[in-house]
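As structure tokens, the structure follows; a few thoughts come after it.
Number of protein chains: 2
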Amino acid sequence: MSNKNVFLKKYFLMTRSEENYLKTIFHLGGGDSKSITTNAIAEQMETKPSSVTDMAKKLSDKGLVDYVRYQGVSLTTEGKKTALSIIRKHRLWEVFLVEKLDFSWDEVHEVAEQLEHIKSEKLVDKIDELLNFPKYDPHGDPIPTKDGKFQERDEKLLSEMSIKSIGICVGVKDSSVPFLKFLDKNNIALGNTIQVLDKEDFDNSLRIQMDGKEMRISHQIASNLYVKKND
Amino acid sequence: MSNKNVFLKKYFLMTRSEENYLKTIFHLGGGDSKSITTNAIAEQMETKPSSVTDMAKKLSDKGLVDYVRYQGVSLTTEGKKTALSIIRKHRLWEVFLVEKLDFSWDEVHEVAEQLEHIKSEKLVDKIDELLNFPKYDPHGDPIPTKDGKFQERDEKLLSEMSIKSIGICVGVKDSSVPFLKFLDKNNIALGNTIQVLDKEDFDNSLRIQMDGKEMRISHQIASNLYVKKND
DNA sequence: AATTAAATTTAGACAAAGCTAAAAATAGAT
DNA sequence: ATCTATTTTTAGCTTTGTCTAAATTTAATT
Ligand SMILES: [Mn+2]
Ligand SMILES: [Mn+2]
Ligand SMILES: [Mn+2]
Ligand SMILES: [Mn+2]
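As given, the protein sequences belong to chains E and S, one line each in that order. As numbered in this note's numbering, residues 4 to 234 make up the first sequence, in order. As numbered in this note's numbering, residues 4 to 234 make up the second sequence, in order.
Printed below as a string of structure tokens:
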């Protein structure tokens, strides 16, 4: 096989399933050369550990993961690069759906799961350009650049903010449909200014002021909202 | 299996391969209850007749084609509806790529082949709306409506136009990359006004006037350009 | 009507991606 | 250090979609 075909193999002949495994391994922390267990991957992907083992071998053969029997997998440099390019596509498509097609933030993930597998570098780049090179997706997750770098941000969980401190709501940790719908219903949106007024010791709930209005928020909610502290 | 799941099966559980077969059968004329042969489908899809036979059985079981052994297949009403919805998506995505992302008309087909399989009714409808409900794709092919109707148009091949008659170039019959690039190079584009000045008996070439400029065009070219006659 | 060429189907195999059940390895608890 | 409980892998089977080679049917020609 020629050198060019090795290139083609890696970049164009990745199956949808292989791409999904790489993405999951990355999300479970396998990008930092941490070993991710078969079971953890299986649980996350709602599949069986035996299936994960098979795929681990396949990805290892392709040089995308380091796999040690009974120990787990971690991404190689190539694997991490591939995972990041899929995550980049996923998040760009989510922005596109919200910004250009008026999808709500709880509708985009499912469609992006499909769109992230479309193979066309030009398409991604043009979508990126059309959206004016966004840095974050609709859930506040950073969009990797073409060369796989993240925009870092000084954010912390609302539940970890000190009393009286003020910040801007910049992301959600849990981006499940029910949580997102709950936030909509309570007018909690990214970009809103939040001040912690008071903490209730009993149940760790917070009294906050958001865009002028005062409200009470459970610990459950507060520990799933990212806030950027004002300078 | 519940009634609802039967619905789901037909509309959401179509595989990419099944969709491609339906589309091909439609393009070969199987939408007009004409029987399409195994060989014709195999040739068009660059696959083997035996593979087509297998798929014919599967699609027949699903009620999407009528299949008679040794005779060929034709689309059922359901099959035609499904084929048209995929063709609709394909052509809408092509318009999107050209209109919104500055793709050229020879770059869009390959990407649309992938995008046409994305499953989200809302996505198609929103793209349609974003594009202002286009009637034709970048190659002049009509875009089926949501309920599977085509916009008819009184068009004929340039090669069949009578001398002196005037029309507007509205479509290409051959939409291969080389032909489209040739047209670009010679400034022949959809929307241009064309008058047939003269026909050469020897090789059936035409002398035409296009947007003011005079040029000579081979029969090969003229028989792959659709023209709408002025009223 | 019989023969032959071409088209089509069948049979059997393979790769990808999944599953279940059984075997093997690891890690935790005595 | 040994024994379990848990995790992980292996072996073997399934489905989808493809292929090749062999068998069968149809269609064309004498
Ligand atoms: Mn998502
Ligand atoms: Mn997201
Ligand atoms: Mn096309
Ligand atoms: Mn087209």
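Glycine included, every Cβ here is placed at the ideal spot set by N, Cα and C.
Just to confirm my understanding: we take residue i, look at its own chain, exclude 5 residues before and 5 after, and list those with CB closer than 7 Å. What are they?
i, result
"S/S275", "With chain S running from 4 to 234 in the structure shown, residue 275 of chain S is simply not present."
"E/I211", "I197, Q198, V199, L200, M218, I220"
"S/K231", "R156, D157, E158, G170, I171, V173"
"S/R19", "H120"
"E/Q47", "T27, L31"
Residues in the same chain with beta-carbon distance under 8 Å from residue i, minus the five sequence neighbours each way, listed in chain order, please.
i, result
"S/T56", "T41"
"S/Y229", "G143, E158, K159, L160, L161, C172, V173, G174, V175, K176"
"S/K103", "L133, L134"
"S/W96", "V111, V114, A115, L118, E119, I130"
"E/K51", "A45"
"E/N189", "M218"
"S/T79", "G66, L67, V68, D69"
"S/N8", "Unreliable positioning characterises S/N8 in this predicted model, as indicated by a pLDDT of 43, which lies under 50. A coordinate reading is not provided."
Taking C-alpha atoms, which residue in the options lies nearest to residue i?
i, options, result
"S/D214", "S/I224, S/I197, S/D144, S/D204", "S/I197"
"S/V101", "S/K152, S/I121, S/I130, S/L16", "S/I130"
"E/E203", "E/L186, E/H222, E/K216", "E/H222"
"E/I89", "E/I121, E/L186, E/T80", "E/I121"
"E/N233", "E/S165, E/K188, E/N189", "E/S165"
"E/D206", "E/P181, E/N195, E/N189, E/I224", "E/I224"
"E/G151", "E/K83, E/M58, E/Q47, E/K65", "E/K83"
"E/E124", "E/A43, E/K149, E/Q74", "E/K149"
"E/G66", "E/T50, E/F106, E/M17", "E/M17"
"E/D187", "E/E46, E/K167, E/E110", "E/E110"
"S/R94", "S/E81, S/E119, S/K231", "S/E119"
"S/K60", "S/E49, S/Q74, S/Q117", "S/Q74"
"E/E22", "E/S53, E/E163, E/M58", "E/M58"
"E/D105", "S/S178, S/E163, S/D128", "S/D128"
Which whole-angstrom value describes the C-beta separation of residue i and residue j, a residue pair presumed to lie in contact below a C-beta threshold of 8 Å?
i, j, result
"E/V173", "E/D140", "Incorrect: roughly 11 Å between the Cβ atoms, too far for contact."
"S/K176", "S/N227", "4 Å"
"S/I191", "S/S208", "Their Cβ separation, rounded to whole angstroms, is 15 Å, which puts S/I191 and S/S208 out of contact at 8 Å."
"S/W108", "S/L62", "The pair is not a contact, with the Cβ atoms about 31 Å apart (cut-off 8 Å)."
"E/I28", "E/A115", "At roughly 19 Å, the Cβ-Cβ gap does not stay under 8 Å, so E/I28 and E/A115 are not in contact."
"S/P147", "S/K138", "Actually they are not in contact, since the Cβ atoms of S/P147 and S/K138 sit about 10 Å apart, beyond 8 Å."
"S/A43", "S/L31", "6 Å"
Should residue i be labelled buried (16 or more other beta-carbon atoms within 10 Å of its own) or exposed?
i, result
"S/F169", "The amino acid occupying residue 169 of chain S in the given sequence is Ile; Phe does not appear at that position. With fewer than 16 Cβ atoms within 10 Å of its Cβ, S/I169 is classed as exposed."
"S/R72", "exposed"
"E/K216", "exposed"
"E/R91", "buried"
"S/S5", "Residue confidence is low: S/S5 scores 38 on pLDDT, short of 50, so the model does not pin down where it sits. Its coordinate-derived value is still stated next. Answer is exposed; the Cβ neighbour count stays below 16."
"E/N195", "buried"
"S/F136", "exposed"
"S/V180", "exposed"
"E/F236", "Nothing can be reported for residue 236 of chain E, as the shown portion of chain E is limited to 4 through 234."
"S/S53", "exposed"
"E/L11", "The predicted model places E/L11 with a pLDDT of 45, which falls under 50 and marks its position as unreliable; any figure quoted below should be read in that light. Exposed."
Only counting the same chain, and skipping five residues up and downstream in sequence, which positions put a Cβ closer than 6 Å to that of residue i?
i, result
"E/K167", "none"
"E/S178", "H142"
"E/E49", "none"
Sequence ranges, beta strand (DSSP E) only - wholly within the region 135-216 of chain S, length at least 3 = 158-160, 169-175, 196-202, 209-213
Which ranges would you report for the alpha helix (DSSP H) in the region 15-45 of chain E if only whole runs of at least 4 residues count?
-> 19-30
In chain order, each beta strand (DSSP E) run of at least 3 residues that lies wholly inside the region 65-122 of chain E = 68-71, 75-78
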